[in-house]
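Report on the structure given below.
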Amino acid sequence: MRALCFTVDLDRDVNAPSASPCAAGSLEGGAVGEPRFSSSAEGLGVLSRMLGDLGVEATFFAEGRTLGRVDASLLDGHEVGAHGFDHEDFSLLDGEGIARALSASARAVEEATGSRPVSFRAPYMKAPPALISMLPGMGFEVDSSEYARISPSMIPSELPGGVARIPVPEGEDESGGRIAAYLWPMHEGRRRPGDYLRLASRMEEGALCIATHTWHMVESRASGRMSPGRAEGNARDVEAVLSGLLDMGFEPMPVRAAAGLWRGPRPSPGKI
Ligand SMILES: [Zn+2]
């Protein structure tokens with residue numbers, strides 16, 4: 308079984324670290340400014356329609372503050388995980404700061420969707436051990452905050468505390484350059500859909516975690532807001548990746564479901 312876990316970071320536009328590790332800003336003309344949310348809101352609409360048309364149930368890793376600035380009803384039918392509250396850099400926070408941000412992040416998802424999140428991805432893919440150790444106590448069952456080398460078997464492993472680990476795969480392209488399953492370079496015009504399908508073809512079993520951002524559907528990090536024509540081409544590329552993977556036999560499911568597929572029987576309480 309090859310599962311396709313399409314994961315989308317629902318976060319502030321073109322996010323970048325600011326002077327405070329507790330809150331990210333948005334890039335504007337090459338400098339970090341106040342956070343913006345309009346591209347993320349628009350990109351969520353684009354992805355929601357596309358995923359509905361393709362019948363793909365995805366996982367949105369939603370940042371708390373951004374959730375309050377978008378139409379959360381567009382997330383209906385998808386898993387909503389957590390992605391910090393203010394796009395914090397968790398590697399720079401102490402234990403108390405990590406706990407506070409994790410808790411606010413989970414609460415924001417619960418308020419917006421009615422369900423407590425069980426899946427987590429750290430902003431900037433920076434999840435220090437102190438954060439990983441807190442996840443089970445806060446009700447999280449899945450973490451997707453790491454990259455891992457692609458191999459024939461991508462069966463989810465377990466982190467300390469029993470949290471399932473569903474990493475974003477990476478490997479080499481035909482020229483020997485690094486390629487990760489984050490679609491970032493494709494949105495910036497530096498990769499084609501076929502590059503990701505070739506990466507996926509190296510996997511025979513397990514969960515293939517593809518990742519992107521809502522804002523990246525309509526805004527480029529390098530050149531700002533996309534023209535309507537470029538945004539349409541960008542959406543066609545994402546659709547080509549997804550439909551290509553479906554044609555290859557990958558079965559779409561949220562990370563929570565993929566983690567459950569390969570999770571062994573839990574030891575009974577008290578058993579050593
Ligand atoms: Zn993010």
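Under this note's numbering, the first residue of the sequence shown carries the number 308, and numbering increases by one thereafter.
Every residue, glycine too, gets a C-beta built ideally from N, C-alpha and C.
On a predicted model such as this, the values are computed, not experimentally measured, just so you know.
Other residues of its chain near residue i: CB distance less than 7 angstroms, five sequence neighbours each side excluded
i: LYS433; result: ASP396, PHE397 and SER398
i: PRO492; result: ARG498
Cβ shell of residue i (< 8 angstroms), same chain only, five flanking positions each side left out
i: SER325; result: ALA331, GLY332 and VAL339
i: CYS329; result: ASP393, GLU395, LEU400, GLY404 and ALA408
i: ASP480; result: ILE486, ASP502, ARG505 and LEU506
Residue i vs residue j beta-carbon contact at 8 angstroms
i: ARG543; j: GLU495; result: no
i: ILE486; j: ALA565; result: no
i: MET461; j: MET510; result: yes
i: VAL416; j: PRO443; result: no
i: ALA437; j: GLY402; result: yes
i: MET357; j: GLU512; result: no
i: ARG478; j: ARG456; result: Sequence check: residue 478 is Gly here, not Arg. Yes, the pair counts as a contact, with Cβ atoms nearer than the cut-off.
i: PHE425; j: ARG563; result: What sits at residue 425 in the sequence shown is Val, not Phe. Going by C-beta atoms, VAL425 is nearer than 8 angstroms to ARG563.
i: LEU351; j: VAL377; result: yes
i: ARG319; j: ARG343; result: yes
i: GLU526; j: SER346; result: yes
i: PHE557; j: ALA365; result: no
i: LEU317; j: GLU370; result: yes
i: ALA419; j: ALA389; result: no
i: MET445; j: SER482; result: no
i: THR519; j: VAL315; result: yes
i: GLY540; j: PRO500; result: no
beta-carbon residue i near ligand 1 non-hydrogen atom, thresh 7 angstroms
i: HIS494; result: no
i: HIS593; result: Since the displayed the chain opens at 308 and closes at 579, residue 593 lies outside it and no answer follows.
i: HIS394; result: yes
i: PRO324; result: no
i: PRO430; result: yes
i: ASP318; result: yes
For residue j and residue i, the rounded distance between their alpha carbons
i: PRO561; j: ARG407; result: 26 angstroms
i: MET533; j: PRO467; result: 42 angstroms
i: THR521; j: ILE439; result: 25 angstroms
i: PRO559; j: ALA514; result: 10 angstroms
i: GLY484; j: VAL475; result: 17 angstroms
i: SER327; j: PHE447; result: 26 angstroms
i: ASN322; j: GLY384; result: 26 angstroms
i: ARG414; j: MET441; result: 15 angstroms
Continuous alpha helix (DSSP H) stretch holding residue i: start and end
i: ILE439; result: 436-441
i: GLU448; result: Segment: none, GLU448 is in no alpha helix (DSSP H) and carries neither H nor E.
i: ARG505; result: 500-507
i: VAL416; result: 402-420
i: GLY551; result: 535-554
i: GLY375; result: Run containing GLY375: none; DSSP gives neither H nor E here.
i: ALA566; result: 562-569
Other residues of its chain near residue i: CB distance less than 6 angstroms, five sequence neighbours each side excluded
i: LEU361; result: LEU549
i: LEU382; result: PHE367
i: VAL353; result: MET524 and ALA542
i: SER452; result: ARG428, ALA429, MET432 and ALA434
i: ILE517; result: PHE313 and ALA488
i: SER464; result: ARG472
i: SER412; result: GLY371, ALA389, GLY391 and PHE392
Residue interval of the beta strand (DSSP E) (run including residue i)
i: THR519; result: 512-520
i: GLY332; result: 332-335
i: ILE486; result: 485-487
i: TYR454; result: 454-456
i: ALA365; result: It is not in any beta strand (DSSP E) - ALA365 carries neither H nor E in the DSSP assignment.
i: VAL387; result: 386-389
i: GLU479; result: 475-479
i: ARG319; result: Element bounds for ARG319: n/a, residue is neither H nor E.
i: VAL339; result: 338-340
Cutoff 8 angstroms: residue i Cβ touching any chain C Cβ
i: ALA369; result: In the displayed structure, chain C is absent; only one protein chain is listed.
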